[in-house]
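Using my numbering, the letters of the sequence shown map in sequence onto residues 10 to 308. Worksheet: the structure to be examined is printed underneath.
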Amino acid sequence: MPDFAAGGTPVFRFAPSPNGLLHAGHAYSALLNAEMARRASGRFLVRIEDIDTVRCVPDLVAACLTDLAWLGLDWERPERRQSRHFGDYDRALKVLARRGLLYPCFCSRREVAEAVAEREAHLGSPWPRDPEGAHLYPQTCRSRPPEEAEALRSAGAPYALRLDMRAALTEAGPEPLTYFRVDREGQDDGRVACDPARWGDVVLARRDVPTSYHLAVVVDDAIQGVTHVVRGRDLEAATDIHVLLQRLLRLPTPLYHHHALQTDSGGQKLAKSRGSASLADLREAGLTAAEIRARLGFS
Ligand code: GLU
């Protein structure tokens, strides 16, 4: 395992997307990051992942920081806010575009669904899905002639930028894509082999936002010198894409720890969309920060 600490101080980050209020699952992740940073005599950063400027309104960003401070966390200020760094993501996109690894995709969700249904009917078998259960993009726009794409662009048709996964894997070269996992004590927990192809031609710049979660997270972890990425298991499979992007952009691969997710009494993972209680709800119901920390297994 590479010894990041040998080159300087370990750097940890908690990176919420404030498109809703934080719940106990976020609290667990933030507290674990802070604890691991403390044990490693490392730095602890908070990064606001607000590329979706429509959903991540200023009130939610402020509420998120209030909740983290209420939990007793202390982090370096100012926090990096992704919405202020679109230029950094654009530079990375240009690097990939120059190498012919991106293509514009003009498909709407409905068009993708229709193309998938057509292929399923033709093949008589289900179309493959990515690790999150979404159908792989059927590459409708991959073979679109460049003049046609240009004409659509100049006519103002909205488009996303997709990674040409096959070209990207060729460009990545024969050396296997892997990363090192650490346990919550920060000790070596094995090397993980990546298989980014299972995600297909992922979107690196959305139609409505000039970047995507995958691209922004990789660029920011590098810019901020993050050595340890500690986050939920729901993002474990996405790490394969991140390691590929790090290789393509010649950025270092941090160490990763993917922790178990907090669940409700029915065993479902906590989620804003499922109406899980927010930290603000728990606070209003009279719980103290110390009680929440104790419930989550922190002192
Ligand atoms: N912003 C992401 C989320 O809230 C987490 C990003 C990460 O930790 O890599 O799900």
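The beta-carbon is built from N, C-alpha and C at its ideal position, and this holds for glycine as well.
Is residue i helix, strand or coil when you go by DSSP?
i      : result
Ala130 : helix
Gly34  : helix
Arg151 : coil
Cys116 : coil
Ser285 : coil
Arg48  : helix
Arg89  : strand
Arg162 : helix
Arg292 : helix
Leu82  : coil
Val63  : coil
Asn28  : coil
Glu157 : helix
Glu58  : coil
Glu123 : helix
Tell me which same chain residues have a C-beta within less than 7 Å of the C-beta of residue i, skipping the five on either side of it?
i      : result
Pro113 : Cys150, Ala158, Arg162, Tyr168 and Leu170
Pro263 : Asp230, Val235, Thr236, His237 and Val238
Ala43  : Phe53 and Leu82
Ala177 : Leu110, Leu253 and Leu257
Glu180 : Arg108, Leu110 and Leu257
What span of residues does the alpha helix (DSSP H) with residue i cover, start to end?
i      : result
Leu178 : Met174 to Ala181
Ala298 : Ala298 to Arg304
Pro67  : Pro67 to Trp79
Could you give the first and the last residue of the continuous beta strand (DSSP E) run that contains residue i?
i      : result
Tyr98  : From DSSP, Tyr98 is part of no beta strand (DSSP E) but of the alpha helix (DSSP H) over Phe95 to Arg107.
Arg190 : Thr187 to Val191
What are the residues that DSSP puts in a beta bridge with residue i?
i      : result
Phe53  : Phe21
Arg171 : Tyr112 and Val212
Asp197 : Val191
Arg138 : His144
For residue i, which residues of its own chain have a beta-carbon under 8 Å away from its beta-carbon, when the five flanking residues on both sides are left out?
i      : result
Asp249 : Leu186, Cys203, Asp204, Pro205, Arg207 and Trp208
Arg47  : Phe53
Leu258 : Ala101, Val104, Leu105, Val227, Val228 and Ala231
Leu40  : Leu80, Leu82, Arg302, Leu305 and Phe307
Asp192 : Asp198 and His266
Arg283 : Asp273 and Gln277
Thr18  : Ser50, Gly51 and Arg52
Sorted by chain position, which residues of the same chain lie with C-beta nearer than 6 Å to residue i's C-beta, five sequence neighbours on each side aside?
i      : result
Ser287 : Leu30 and His32
Gln271 : Ala33, Gly34, Tyr37 and Leu279
Ala298 : Trp79, Leu80 and Gly81
Cys65  : Pro27, Asn28 and Asp59
Phe95  : Pro219
Which complete beta strand (DSSP E) runs does the segment 199–286 hold, if anything under 3 residues is left out? Correct list: 212–214, 237–241 and 264–268.
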